[in-house]
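Count the sequence shown with this note's numbering and you get residues 148 to 332, in order. Every residue gets a Cβ at the ideal spot worked out from N, C-alpha and C, and that includes glycine. Source: prediction; values computed, not measured. Worksheet: one structure, shown below.
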Amino acid sequence: MIGPAVLLALALLIVSRPPGARLEPATGPTILSRLRCGGAPRDGPTVKDTVSDVELFSACLEAGLSHAQAAHAVGMCGGDSAWLTTASLLAVGLDPDTAWAPVRALPGCADIASLASAATRTGASIVAGCMRVADKLATRAADEATAATERAGVLIALPLTMCFLPAFFLLGLVPVLVSLGADYF
């Protein structure tokens, strides 16, 4: 009875920090801040992030904002900094092709940049075109997710195959072959 109590006391002494250390702020991002911000992916924006950015851009345009204001709104709402750069370049009156170059470099946004630069010259609405691009990107994201799931299924099944296939041979086929061999020899 005394043995577990002593082990528990030792574990608490080893693991616990002094009371003053618990009052100091933690360094680095906390779990709550990571959940709130969503965390940035390692390799840049994902296709789902791009879909959200394009849908927000389209909604801003449909609400009556200019291209520069809509791009600024996307950049401020967590979009890539390329949207803010484009908004700034459009606000100072730069050529549309040059101004939309930072967004064109984002994955899946080349069509949006082409639509927007053409619409700046012609004055046509690009809301329907933006929604088509967002739908195409969402379909691509779903296809990528399905492919990743299928790859994971194959990788999960591989160890099972390595275990069960030899067992099938040893327990299923070998006795049958031995009994057939015993009948013929």
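May I have the straight-line CA-CA distance separating cysteine 224 from isoleucine 303, to the nearest angstrom?
38 Å
Meets three-Cβ-pair contact criterion under 8 Å: the region 227-241 and the region 205-212
no
Ignore the nearest five residues each way along the sequence and tell me which others in arginine 181's own chain have a CB closer than 6 Å to its CB.
Low per-residue confidence applies at arginine 181: pLDDT is 48, beneath 50, and the placement is therefore not dependable, though the value from the model is reported in the following sentence. There are no such residues.
Inter-residue spacing [alpha-carbon to alpha-carbon] between alanine 314 and threonine 308:
10 Å
Proximal residues to glycine 276 (C-beta, below 6 Å), its chain only, five neighbours per side dropped:
Leu262
Could you tell me the alpha carbon to alpha carbon distance between threonine 286 and threonine 296, rounded to whole angstroms?
For threonine 286 and threonine 296, the gap between their C-alpha atoms comes out near 15 Å.
Do the CB positions of alanine 246 and leucine 237 come within less than 7 Å of each other?
Against a cut-off of 7 Å, the Cβ pair of leucine 237 and alanine 246 comes out as a contact.
Would you mind sorting valine 301 into buried or exposed? The rule is 16 or more other CB atoms within 10 Å of its CB.
exposed
Between Ser199, Pro254 and Ala260, which has its C-alpha nearest histidine 214's C-alpha?
Considering only alpha carbons, the answer is Ala260.
Quick test of your reading: valine 201 and alanine 281, contact by CB under 8 Å. State the CB separation rounded to the nearest angstrom.
4 Å
Secondary structure, beta strand (DSSP E): runs of 3+ residues fully inside the region 249-326
Note on the region 249-326: there is no whole beta strand (DSSP E) run with a minimum of 3 residues.
By Cβ distance, which residues of its chain are closer than 6 Å to cysteine 184, with the 5 residues on each side in sequence left out?
With a pLDDT of 49 at cysteine 184, under the threshold of 50, the modelled position of that residue is not reliable, and the figure given next carries that caveat. Counting only Cβ-Cβ distances below 6 Å, and skipping sequence neighbours, we find nothing.
How would you call leucine 317, buried or exposed, if buried means at least 16 neighbouring beta carbons within 10 angstroms?
exposed
Best match in Arg268, Val239, Arg298 and Thr232 for proximity to arginine 251 [C-alpha to C-alpha]:
Thr232
Alpha carbon of alanine 217 to alpha carbon of alanine 234, nearest angstrom
When the Cα atoms are used, alanine 217 and alanine 234 turn out to be separated by approximately 8 Å.
Can you check which of these residues, Arg268, Val321 and Pro254, is closest to alanine 288 by C-alpha distance?
Pro254
Same chain, Cβ closer than 7 Å to threonine 267, five either side skipped, listed in chain order:
His214 and Pro243
Out of Thr197, Ala329, Leu312 and Leu212, state which residue places its alpha-carbon closest to the alpha-carbon of serine 272.
Leu212
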